[in-house]
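These protein sequence lines are chains A and B, in that order. Each residue of the first sequence is one higher than the one before, starting from 122 at the first, in the working numbering. Each residue of the second sequence is one higher than the one before, starting from -19 at the first, in the working numbering.
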Amino acid sequence: MNDTLVIAGKNYSSRLLVGTGKYKDFTETRAALDASGAEIITVAIRRTNLGQNANEPNLLDAVPMSKFTYLPNTAGCYTADDAVRTLRLARELLDGHSLVKLEVLGDPQSLYPNVIETIAAAKTLVAEGFQVMVYTSDDPIIAKQLEDIGCVAIMPLASLIGSGMGILNPWNLQLIMDKVSVPVIVDAGVGTASDAAIAMELGCAGVLMNTAIAGAQQPVLMASAMKKAVEAGREAFLAGRMPKKLYSASPSSPTAGIIASTRP
Amino acid sequence: MINLSINGEAKQFSTPLSVTNLIEILGYTGKRIALERNGEIVPRSTYANVHLADGDKLEVVVAVGGG
């Protein structure tokens, strides 16, 4: 089936995007990424540890840029300025790579997005030629504004980052998909495979997750489960589910030729 | 004496130095890093020509695991 995810004009065969944080070591990171089938992976940009051995293993060796599309994020940024500076550094770090994940947080307890700062940062980044995939609240009006600014994907939360609470407001995700034409990718909140399948059945273009895989008892096995869930959910969406019929059962077997002679 | 702030840490250097010199001192030669000087990106291609001044604030970053 030729069904690709198109972001900023580029085709991806996997609709599962994964983070690279919280793994035990880089070997586990790589094994989970391979099991997930993800092509786009998020990375964070952080200060080097001065004085620490510069030859210790690093992410780029375990997860080469030649095999994965890096999506540098602005995790931990609380202002538009910090987010923009972080992604300018990321672009320099990754040889001019312009596809980025913008997230500007509002509060360290909830990690809920600050949409005012997010919008300000998105305007600057789009003007500077970045291709911005944007983490945001599940507000359809804000989502539309971010699309109008020129963001290449809208990534609403399903529930709080790292919470594993699943899709708390499917109706808002639906409203966002009705409003915007760029890919809508659920980012944050997925806890287990059924959550990912539900997001895809709703018609989301993809799902981005980190903790749901890295925080599982067996991350590599969960990565494999997520791959299947995203594929299954996508196929179910494309297949078009049967209508729900409240109070109206419909037998799957023929109603004629039953040997029983009495019926209510 | 040149006083620099590198990733928020105060560092002193006794002789003038370029970004290339600094990266060598820090052990990052050949490593994939990005550097910001006083809020502006310093492109990798210009490291040898950028001479650091007293009071410069530098950020040196790498890619790490993250979601």
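For each residue, glycine too, the CB sits at the ideal point set by N, CA and C.
Pick from A:D182, A:E149, A:P364 and A:L138 that is closest to V221 of chain A, judged by C-alpha positions: Check the Cα spacing between V221 of chain A and each of A:D182, A:E149, A:P364 and A:L138: the tightest is with A:L138.
Rounded straight-line distance, which links the Cα of A264 of chain A to that of S302 of chain A: If you take the alpha carbons of S302 of chain A and A264 of chain A, they lie about 10 Å apart.
Against I166 of chain A, what residues of chain B qualify as contacts under a CB-to-CB distance less than 9 Å, listed in chain order? Here the neighbours are A14, V41, V42, A43, V44 and G46.
Using only alpha-carbon positions, find the residue among B:E(-11), B:M(-19), B:V40 and B:G46 that is nearest to I13 of chain B. Nearest Cα to I13 of chain B within the set B:E(-11), B:M(-19), B:V40 and B:G46: B:V40.
Quick one, which of B:R17, B:E4 and B:Q(-8) has its alpha-carbon nearest D36 of chain B's? Closest option to D36 of chain B, Cα to Cα, is B:R17.
Does DSSP put N132 of chain A in a helix, a strand or coil? Note: N132 of chain A maps to strand in three-state DSSP.
Which chain A residues are close to R24 of chain B, counting only those with a beta carbon under 8 Å from its beta carbon? Ordered by position in chain A, the residues that pass the 8 Å Cβ test against R24 of chain B are E213.
When burial is assigned at 16 or more other CB atoms within 10 Å of the CB, is R151 of chain A buried or exposed? So R151 of chain A counts as buried.
Does the pairing of the region 185 to 194 of chain A with the region -9 to 4 of chain B give three or more beta-carbon distances under 8 Å? Result no; under three Cβ-Cβ pairs closer than 8 Å.
How would you label Y144 of chain A, buried or exposed, when you count the other beta carbons within 10 angstroms and need 16 or more for buried? It counts as buried.
Just the chain A side, please: which residues come within less than 9 Å of N(-13) of chain B by C-beta, in chain order? Residues of chain A passing the Cβ test: R168, T169, N170 and L171.
Against L180 of chain A, what residues of chain B qualify as contacts under a CB-to-CB distance less than 7 Å, listed in chain order? Listed along the chain, the chain B residues whose CB falls inside 7 Å of the CB of L180 of chain A are A43, V44 and G45.
Can you name the start and end residues of the alpha helix (DSSP H) that A264 of chain A belongs to? The continuous alpha helix (DSSP H) containing A264 of chain A extends over residues P261 to I270.
Shorter than 7 Å from the beta carbon of N235 of chain A to some beta carbon of chain B? Cβ-Cβ to chain B under 7 Å: no for N235 of chain A.
How far does the beta strand (DSSP E) with P277 of chain A in it reach, from first residue to last? Judged by DSSP secondary structure, P277 of chain A falls within the beta strand (DSSP E) whose first and last residues are A274 to P277.
Closer than 9 Å, Cβ to Cβ, to anything on chain B: give me those residues from the region 126 to 146 of chain A, in chain order. Residues of the region 126 to 146 of chain A whose Cβ lies closer than 9 Å to any Cβ of chain B, in chain order: V139, G140, T141, G142, K143 and Y144.
Chain A beta carbons: is any one of them nearer than 7 Å to that of I21 of chain B? In terms of beta-carbon proximity, I21 of chain B lines the interface with chain A, with at least one pair separated by less than 7 Å.
Proximity test, Cβ basis, 7 Å: A196 of chain A and chain B: True, the Cβ-Cβ gap to chain B drops below 7 Å.
Beta-carbon spacing of V255 of chain A, L223 of chain A below 7 Å: Yes, the Cβ-Cβ distance between V255 of chain A and L223 of chain A is below 7 Å.
Give a single yes or no on whether A309 of chain A has its beta carbon closer than 6 Å to a heavy atom of the ligand ADP. Of the ligands one can find in the structure shown there are none, so the ligand ADP has no counterpart to examine.
Using the Cβ count rule (16 or more neighbours within 10 Å means buried), how would you classify N331 of chain A? A residue is called buried once 16 or more other Cβ atoms fall within 10 Å of its Cβ, and N331 of chain A is buried on that count.
On the CB-based measure, 16 or more other CB atoms within 10 Å of its CB, does A156 of chain A come out buried or exposed? Its Cβ being crowded by 16 or more others within 10 Å, A156 of chain A is buried.
From which residue to which residue does the beta strand (DSSP E) around G327 of chain A run? First-last of the beta strand (DSSP E) with G327 of chain A: G327 to M330.
Quick one: does R151 of chain A have its CB under 7 Å from some CB of chain B? No, R151 of chain A lies away from the interface with chain B (no Cβ there is under 7 Å from its Cβ).
If you follow the alpha helix (DSSP H) that T239 of chain A is part of, which residue opens it and which one closes it? First-last of the alpha helix (DSSP H) with T239 of chain A: V236 to A248.
So which of B:V42, B:G45 and B:G10 has the shortest CA-CA distance to Y27 of chain B? Closest option to Y27 of chain B, Cα to Cα, is B:G10.
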